[in-house]
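Working notes, structure below.
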Amino acid sequence: MIDGSQRRRIRRLAALGVGILLASLLTPTHTAQAQPDPAPAAGKPTFSKPAAFDVTAPLRDVARTARRSVAPTPPQLPEERGPRLSDRGHTPDAAVQATKPARTIGGTTANFEGLSNQDNFNVLGGRVNPPDPVGDVGPNHYVEMVNLVFGVYSKTGRLLLGPLALGDLWAGFPVDECTEHSGDPVVLYDQRADRWILTQFTTRGSDYPNEPANLFYNCIAISTTGDPTGSYYRYAFNTGYNFPDYPKYGIWGDSYLITTREFGTVDPSVYGIGVYGLERDRMIAGDPNARAVSFLLQDGKVPLNLIGDGLLPADADGPKAPPAGSPAPIVGTQDDGAGYGATFDAVNVWEFKVTWNAAPAASIGLKTQLPTAGFDSVFPCQPTARDCLPQPGITNRDQYLDVLSYRQRPTWRLAYRTFGSYESMVTNQSVEALPGQAGVRWWELRRDKRGNYAIHQEGTFAPNDTVNRWMGSIAQDRKGNIALGYSVVNGTDVYPGIRYTGRLVGDRRGELTLGEATVVNGTAAQTSLNSRWGDYSSMNVDPVDDCTFWYVNEYYTQAGAAQAPNGNGWQTRIASFRLPAC
Numbered sequence: 000m001i002d003g004s005q006r007r008r009i010r011r012l013a014a015l016g017v018g019i020l021l022a023s024l025l026t027p028t029h030t031a032q033a034q035p036d037p038a039p040a041a042g043k044p045t046f047s048k049p050a051a052f053d054v055t056a057p058l059r060d061v062a063r064t065a066r067r068s069v070a071p072t073p074p075q076l077p078e079e080r081g082p083r084l085s086d087r088g089h090t091p092d093a094a095v096q097a098t099k100p101a102r103t104i105g106g107t108t109a110n111f112e113g114l115s116n117q118d119n120f121n122v123l124g125g126r127v128n129p130p131d132p133v134g135d136v137g138p139n140h141y142v143e144m145v146n147l148v149f150g151v152y153s154k155t156g157r158l159l160l161g162p163l164a165l166g167d168l169w170a171g172f173p174v175d176e177c178t179e180h181s182g183d184p185v186v187l188y189d190q191r192a193d194r195w196i197l198t199q200f201t202t203r204g205s206d207y208p209n210e211p212a213n214l215f216y217n218c219i220a221i222s223t224t225g226d227p228t229g230s231y232y233r234y235a236f237n238t239g240y241n242f243p244d245y246p247k248y249g250i251w252g253d254s255y256l257i258t259t260r261e262f263g264t265v266d267p268s269v270y271g272i273g274v275y276g277l278e279r280d281r282m283i284a285g286d287p288n289a290r291a292v293s294f295l296l297q298d299g300k301v302p303l304n305l306i307g308d309g310l311l312p313a314d315a316d317g318p319k320a321p322p323a324g325s326p327a328p329i330v331g332t333q334d335d336g337a338g339y340g341a342t343f344d345a346v347n348v349w350e351f352k353v354t355w356n357a358a359p360a361a362s363i364g365l366k367t368q369l370p371t372a373g374f375d376s377v378f379p380c381q382p383t384a385r386d387c388l389p390q391p392g393i394t395n396r397d398q399y400l401d402v403l404s405y406r407q408r409p410t411w412r413l414a415y416r417t418f419g420s421y422e423s424m425v426t427n428q429s430v431e432a433l434p435g436q437a438g439v440r441w442w443e444l445r446r447d448k449r450g451n452y453a454i455h456q457e458g459t460f461a462p463n464d465t466v467n468r469w470m471g472s473i474a475q476d477r478k479g480n481i482a483l484g485y486s487v488v489n490g491t492d493v494y495p496g497i498r499y500t501g502r503l504v505g506d507r508r509g510e511l512t513l514g515e516a517t518v519v520n521g522t523a524a525q526t527s528l529n530s531r532w533g534d535y536s537s538m539n540v541d542p543v544d545d546c547t548f549w550y551v552n553e554y555y556t557q558a559g560a561a562q563a564p565n566g567n568g569w570q571t572r573i574a575s576f577r578l579p580a581c
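Just so you know, numbering that gives the first Met the number 0 puts 175 at position 176 of the sequence shown, and the rest follows in order with no gaps.
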């Protein structure tokens with residue numbers, strides 16, 4: 000999240016001549032062609048060591064005293080204001096699936112209440128929006144993080160730890176900024192190491208010059224065992240005076256990956272995408288000298304459409320590691336109607352590689368652009384770019400929900416899996432699928448043995464029933480079956496709720512064939528003038544059977560809404576399900 004003045008400065012920069020750069024650099028192609036490596040424009044890799052490191056006591060013990068460190072009033076999250084893009088009318092979606100599948104999909108197995116904004120009120124004394132719900136599943140636990148608290152659950156929904164404020168995870172840490180309850184959390188379970196990774200960014204200094212300049216950090220806690228209620232190795236890696244907004248993490252072979260949207264505070268002309276690799280083996284072992292490497296793909300040095308509003312790092316699912324020494328895919332999207340200078344709709348694939356030895360080396364480059372079936376990411380929102388989706392009983396458009404489709408980026412995760420003869424990645428993005436109706440565009444990308452990429456299949460799920468489907472997350476089980484979860488709402492009878500759909504590996508390409516099921520129906524609207532929704536949700540796969548999907552997202556109930564006089568009474572729901580033939 001960034002403040003409004005930073006966003007306005009970034010947009011002025013983006014408007015200056017980006018299109019001129021593109022014509023000579025980019026040529027549409029439907030095959031995976033290597034592109035000129037823009038790594039020199041991104042600068043040399045910067046290697047560093049942690050700004051701080053320590054080891055915690057078991058969280059289950061810290062939890063008994065954590066409330067002593069809670070601030071009397073909750074911090075305010077920096078506001079990220081969307082660009083005022085001009086909607087030039089609906090561009091037909093060339094891959095829309097406008098009818099519901101006739102087949103049915105199975106119901107949920109586990110289905111229980113997660114964290115809520117009431118937890119923020121109980122722990123911190125106030126409420127925030129958006130929630131940024133994210134979670135992952137291990138052999139015995141489910142860990143959920145939101146803005147600004149986290150909790151550990153059994154797989155039957157029993158709360159084992161928390162809710163605790165995010166900063167409590169870093170209580171007493173030498174980098175004081177990490178002890179604040181800042182937000183944009185990510186949690187991942189590293190199956191091959193049996194470790195949990197819990198993270199947040201820091202925000203102190205993001206309102207410069209109204210507050211003193213300050214270094215920023217990615218704060219990372221890695222469990223010392225497979226028990227998420229136990230002790231953690233804690234690391235902080237600084238990003239200089241660039242605010243590392245919207246951090247997204249991935250697990251690769253010998254690295255943990257991070258991508259960020261970086262905004263200069265001391266130098267407000269800086270905007271770019273940060274790409275980081277962290278030395279996974281040393282971090283798992285609790286080595287205080289674990290190294291990091293970073294690149295900044297900076298607007299003005301790299302065409303804006305190639306970085307957009309964010310890139311996603313590959314996040315490896317399943318027991319098999321990616322092929323040894325293979326570069327990590329880093330993926331973004333572009334829409335030729337979005338004002339970022341793109342001349343065609345595409346998935347942009349970068350590759351990041353690092354060698355951790357005595358003389359480490361790293362590189363990043365644009366591998367290919369994969370033209371997609373046409374999609375429209377610019378939704379007809381008004382009066383602001385965040386006031387987009389109607390809700391039942393809501394007549395004030397300032398209370399419409401944010402669709403976030405205008406952000407030129409795929410949404411969490413880039414779920415990676417190796418199948419031996421090929422590697423597969425799935426991701427998704429909200430779009431205007433039908434006129435005035437949101438849907439979810441999803442892609443499966445494949446990389447073959449020669450390192451070439453192709454879009455194996457794509458589609459936009461948007462049954463023509465007036466229901467908006469957006470804020471999705473997607474993953475594959477061990478067989479290659481795909482599940483997609485998402486938010487739903489319309490202006491008449493569907494309050495903000497959570498649903499899912501899926502397909503089997505042998506089904507017709509580009510279609511979600513297994514019907515639609517409900518995690519939970521909403522029963523109330525979000526009534527605050529803050530239209531924020533998401534900014535992400537999370538679909539993950541259970542490591543025990545590599546078949547069961549776990550999904551978390553936000554929704555609204557009458558009871559939750561009644562607790563929040565500011566209209567931000569969001570709740571979250573955690574559910575699991577399986578697809579047939581796994």
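For each residue, glycine too, the CB sits at the ideal point set by N, CA and C.
- In the structure shown, residue 298 adopts extended strand secondary structure according to DSSP, grouped into three states.
- In the DSSP assignment, the residues bridged to residue 152 are 141 and 158.
- A direct Cα-Cα distance of roughly 7 Å separates residue 334 from residue 345.
- In this structure residue 353 is not in contact with residue 330, their Cβ atoms being roughly 18 Å apart against a cut-off of 8 Å.
- In the three-state reduction of the DSSP assignment, residue 338 falls in the coil class.
- For residue 382 and residue 464, the gap between their C-alpha atoms comes out near 25 Å.
- In this structure residue 369 is in contact with residue 453, their Cβ atoms being roughly 7 Å apart against a cut-off of 8 Å.
- The stretch 509-521 makes contact with the stretch 99-107; the number of CB pairs closer than 8 Å reaches 3 or more.
- One Cα belongs to residue 220, the other to residue 132, and the distance between them is close to 18 Å.
- Contact check between the stretch 284-291 and the stretch 153-171: fewer than three CB pairs, one atom from each, fall below 8 Å, which does not count as touching.
- Sixteen is the threshold: when 16 or more other Cβ atoms of the shown chains lie within 10 Å of the Cβ of residue 337, as they do, the residue is buried.
- In the displayed model, residue 169 falls within a helix according to three-state DSSP.
- Of all C-beta pairs linking the stretch 535-544 to the stretch 132-143, three or more are shorter than 8 Å, placing the two stretches in contact.
- Residue environment: residue 247 is assigned as buried (16 or more neighbouring CB atoms within 10 Å of its CB, all protein chains considered).
- The residues 378, 387, 388, 429, 437 and 469, in chain order, have a CB closer than 6 Å to that of residue 402 in the same chain once the five nearest residues on each side in sequence are set aside.
- Take residue 304, set aside five residues on each side of it, and the residues of its chain with a beta-carbon closer than 6 Å to its own are 333, 339, 340 and 341, in chain order.
- A direct Cα-to-Cα measurement between residue 280 and residue 575 gives close to 31 Å.
- Contact between residue 501 and residue 413 fails: their C-beta atoms lie close to 18 Å from each other, not under 8 Å.
- Nearest Cα to residue 42 within the set 296, 191 and 440: 296.
- A distance below 6 Å between beta-carbons, with the five flanking residues on each side excluded, links residue 255 to the following residues of its chain, in chain order: 277 and 279.
- Under a 10 Å Cβ-count criterion, residue 260 is classified as buried, with 16 or more other Cβ atoms of the shown protein chains found around its own Cβ.
- Only residues of its own chain outside the window of five on either side were considered, and among them 372 and 373 have a CB closer than 7 Å to the CB of residue 93, listed in chain order.
- Per the C-alpha coordinates, the member of 204, 156 and 171 positioned closest to residue 267 is 204.
- Rounded to whole angstroms, the Cβ separation of residue 573 and residue 111 is 6 Å, and the two are in contact under 8 Å.
- With contact defined as three or more Cβ pairs closer than 8 Å, the stretch 181-190 and the stretch 141-156 are in contact.
- In the displayed model, residue 45 falls within a strand according to three-state DSSP.
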